[in-house]
Amino acid sequence: MEKDILRGGQFLVKEIDCEDIFTPEDFNEDQLMMKEAVTEFIDREVWPKKPQFEQKDYALTESCMRKAAELGFLSISVPEEYGGMGLGFVDTMLVCDYISGATGSFSTAFGAHTGIGTLPITLYGTEEQKQKYVPKLASGEWFGAYCLTEPSAGSDANSGKTKAVLSEDGKSYKITGQKMWISNAGFCSLMIVFARIEDDKNITGFIVEYDPENPNGITLGEEEHKLGIRASSTRQVFYNDTVVPVENMLSTRGNGFKIAMNALNVGRIKLAAACLDAQRRVITESVKYANDRVQFNVPISSFGAMRQKFAEMATNCWVGESASYRAAKNIEDRIEMRKNNGKDTHQEAELKGVEEYAIECSILKVAVSEFTQKCTDEGIQIFGGMGFSEDTPIESAWRDARISRIYEGTNEINRMLSIGMLIKKAMKGHVDLLTPATAVQEELMGIPSFETPDFSELFSEEKNIIKNLKKLFMMVAGAALQKYGEKIEQQQQLMLAASDILIQVYLAESAILRAEKMANKNGKDAVKEQIAMAQLNLFHAIDIIETAGKHSIISFSSGDEQRMMLMGLKRYIKYVNMPNIVELRNIIAGKVIKENKYCF
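Just so it is clear: in the sequence shown, position 511 is 511 by UniProt numbering, and no numbers are missing.
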């Protein structure tokens, strides 16, 4: 019997069993071998050359991409019939995760090529287009770039001015315009270019070949001077009557905005993956340094202030990983389900599988990119003055981390998208928000129970709190939606606050379910650090949720309604047994310091 697969966003309205989520402990043998192969490649070819990447060695980035291609790493998600490995979504995430830890320069080149540089063709291309281009991209014979952003079109991606004009004989389009921040521009052979035909409402996608020997009206700007990802080739691209055959239109006229958005959904969850190993490596480098650095006659790792940092860094990394692989497997299962029902082609199954979890993709992009920024910042702090020096790998990690909150849609855009998409799903009937929101309203009017529940079982209290945090989201978002209706999208500050609650619920639940699953399998004592991380993260999540909830309630309500909701807020964030935060941190940090590395 086919198991009931949760739809995107439904985590808010369903109770989820820990055995139903996928965790990194569930990697199969092939996946573990793949992880080892990728890590070995990075440790051999990329990590030792970090200083060269920081010196803007673009040729090094390109040569590492060619080596990655030889090992098949560019072809993981490409279907076998187009020269790829045809592996599942979890494998794609896994490779993206471990290939991205050493430097953002290589990580960006890899992500731009395998994601937005290749995916639009595998997902939207005709059979002829796929046969012609995808094998070259999968093998690394050609590299891809994605040309969407323009000087006047950033977050508002559909407002681009680049024009495509049909020739008189109807055989080709001439593209004219300017693109900026184009990753891989300096060494690509193929560009996915978005342009507007006549006065169409939406842009259209085109596959544009690029050969510097025969530029066809394409000129490249100089390499951009950037804060981080310094050896990632980033240039402006100018088109002046660039001739593109009509058969190189991608999908249909006016479908470019949809292509762009769906390519970005995949890009978002893969960006979350690409921020994970960077954190693991920063934690490892930082703890090694702290164990070696002696002050006041003891290693600085023995100080409580340091232990707090290691506990928080490790917890954030582990929580982000838990949520990322949970969502990746949901997407993989959804794709398989759609393929198996026979109605969808491979392309449609992939597209709809990822689109289904667009909310989770946005949540992860925001959360994990912000964890990475915090992690690298604390890394510099642990290294002290040395962290500020280019002689250690930490300052470049900090600079590289900064872009992850901007590209694939800024974190502000993604926060608002997550709520906007949830509302749309509710309106379509894909996620029933009305029933639970009504139930919460009735519960708030009723008399609360004063019985002390039995929370003796592991995570029973935490899971009860998660249930209450979901109610809290319904209470706050439901009331705001009732007040503003469709105009809620104009209330950006309220949407940002609602997204903070949504993000924290998803992360906290993912971490608790993962730790519970591990405890069920190995016993509580064997995974006490993971239990501590899940509990510590929940405590922080409640703080964030309380602030976001309070800011919202006092901004859109007044009088009795406000008082009732503030009482509801208090009720839904309440612990019966408060955790000992210092003890939890000491448990986590103790393990990291003893192992002298990130060890989860």
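Backbone N, C-alpha and C define an ideal beta-carbon position, used for all residues, glycine too.
No experiment lies behind these values; they were computed from the predicted model shown.
What are the boundary residues of the beta strand (DSSP E) that residue i is part of?
i, result
"Thr-242", "234 to 245"
"Trp-181", "172 to 183"
"Glu-209", "204 to 209"
"Ile-588", "Ile-588 -> not in any beta strand (DSSP E); alpha helix (DSSP H) instead, spanning 581 to 595."
"Phe-194", "190 to 197"
"Leu-220", "218 to 220"
By Cβ distance below 7 Å, which residues in the same chain neighbour residue i in space, the five residues on each side in sequence not counted?
i, result
"Arg-7", "Glu-356, His-430 and Val-431"
"Lys-463", "Ile-512"
"Met-564", "Leu-444"
"Tyr-484", "Gln-491"
Quick one: give me the first and last residue of the alpha helix (DSSP H) that residue i is part of.
i, result
"Ser-552", "528 to 556"
"Ala-164", "Where Ala-164 is concerned, there is no enclosing alpha helix (DSSP H), although the beta strand (DSSP E) it sits in stretches over 163 to 166."
"Cys-317", "304 to 340"
"Ala-498", "492 to 522"
"Leu-94", "89 to 99"
"Tyr-146", "Premise fails: Tyr-146 lies in the beta strand (DSSP E), 144 to 147, not in any alpha helix (DSSP H)."
"Phe-53", "50 to 54"
"His-346", "346 to 356"
"Val-440", "434 to 445"
"Gln-131", "127 to 139"
Between the options, which has its C-alpha nearest residue i's C-alpha?
i, options, result
"Asp-277", "Lys-550, Asp-525, Val-368 and Gly-72", "Val-368"
"Pro-48", "Leu-422, Cys-64 and Arg-415", "Cys-64"
"Thr-162", "Thr-242, Glu-127 and Gly-84", "Thr-242"
"Ala-497", "Asp-91, Met-445, Lys-67 and Phe-556", "Phe-556"
"Thr-118", "Thr-39, Ala-231 and Ala-260", "Ala-260"
"Asn-248", "Ala-37, Gly-86, Gly-125 and Phe-473", "Gly-125"
"Ile-554", "Gly-568, Ile-542 and Phe-187", "Gly-568"
"Ala-195", "Tyr-210, Glu-213, Leu-166 and Phe-187", "Leu-166"
"Leu-87", "Ile-423, His-346, Ala-358 and Glu-141", "His-346"
"Asp-391", "Arg-44, Ala-541, Gln-52 and Lys-343", "Gln-52"
"Phe-238", "Arg-253, Glu-222, Ser-251 and Leu-250", "Glu-222"
"Ile-269", "Ile-447, Asn-340 and Leu-364", "Leu-364"
"Ala-157", "Asn-255, Thr-452, Val-505 and Asp-333", "Asn-255"
"Ile-359", "Lys-591, Ala-323 and Leu-123", "Ala-323"
"Ile-423", "Leu-250, Phe-473 and Phe-539", "Phe-473"
"Glu-509", "Val-476, Glu-529 and Ile-466", "Ile-466"
"Gln-55", "Thr-103, Phe-89, Glu-25 and Ala-37", "Thr-103"
"Gln-441", "Met-421, Met-475, Glu-461 and Ile-413", "Met-475"
"Ile-192", "Ala-541, Ala-145, Asn-340 and Pro-24", "Ala-145"
Using the beta-carbon count (16 or more within 10 Å), is residue i buried or exposed?
i, result
"residue 605", "No answer is possible for residue 605: the residues shown for the chain start at 1 and end at 600."
"Ser-155", "exposed"
"Leu-507", "buried"
"Ala-305", "exposed"
"Met-33", "exposed"
"Met-578", "exposed"
"Asp-91", "buried"
"Met-1", "Interpretation of Met-1 is limited by its pLDDT of 34, a score under 50 that renders its predicted location unreliable; the figure taken from the coordinates is listed afterwards. Classification of Met-1: exposed, given that the 10 Å Cβ count is below 16."
"Ile-588", "buried"
"Arg-44", "exposed"
"Asp-543", "exposed"
"Glu-583", "exposed"
"Tyr-325", "buried"
"Ser-301", "buried"
"Phe-11", "buried"
"His-113", "buried"
"Ala-273", "buried"
"Phe-206", "buried"
"Ser-456", "exposed"
"Gly-107", "Checking the displayed sequence, the identity of residue 107 turns out to be Ser instead of Gly. Ser-107 is buried by the Cβ-count criterion."
"Asn-522", "exposed"
"Glu-332", "buried"
"Gly-342", "exposed"
Given residue i, which residues of its chain have a CB within under 8 Å of its CB, disregarding the five upstream and five downstream residues?
i, result
"Cys-275", "Ser-100, Gly-320, Val-368, Ser-369, Phe-371, Thr-372, Ala-401 and Ser-404"
"Gln-381", "Lys-309 and Gly-387"
"Leu-566", "Lys-550, Ile-553 and Ile-554"
"Lys-288", "Asn-596 and Lys-597"
Among the residues of its own chain, which have a CB less than 6 Å from the CB of residue i, if the five just before and after it don't count?
i, result
"Ile-394", "Gly-379, Ile-380, Phe-383 and Gly-387"
"Trp-318", "Met-533 and Phe-600"
"Phe-459", "Ile-512 and Glu-516"
"Ser-499", "Arg-415, Ser-418 and Ile-419"
"Asp-200", "Gly-254"
"Lys-135", "Before going on, a small fix: residue 135 reads as Pro here, not Lys. Cβ neighbours of Pro-135 beyond the five flanking positions: Tyr-82 and Gly-83."
Would you say residue i touches the ligand HEM, meaning its beta carbon is less than 8 Å from a heavy atom?
i, result
"Leu-458", "The model on display carries no ligand, and the ligand HEM is accordingly not part of it."
With contact counted as at least three CB pairs below 8 Å, one residue from each stretch, are the stretch 256 to 274 and the stretch 571 to 579 in contact?
Too few Cβ pairs lie closer than 8 Å, so no.
Contact between the stretch 66 to 86 and the stretch 216 to 231 is defined here as three or more beta-carbon pairs at a separation below 8 Å; is this criterion met?
no
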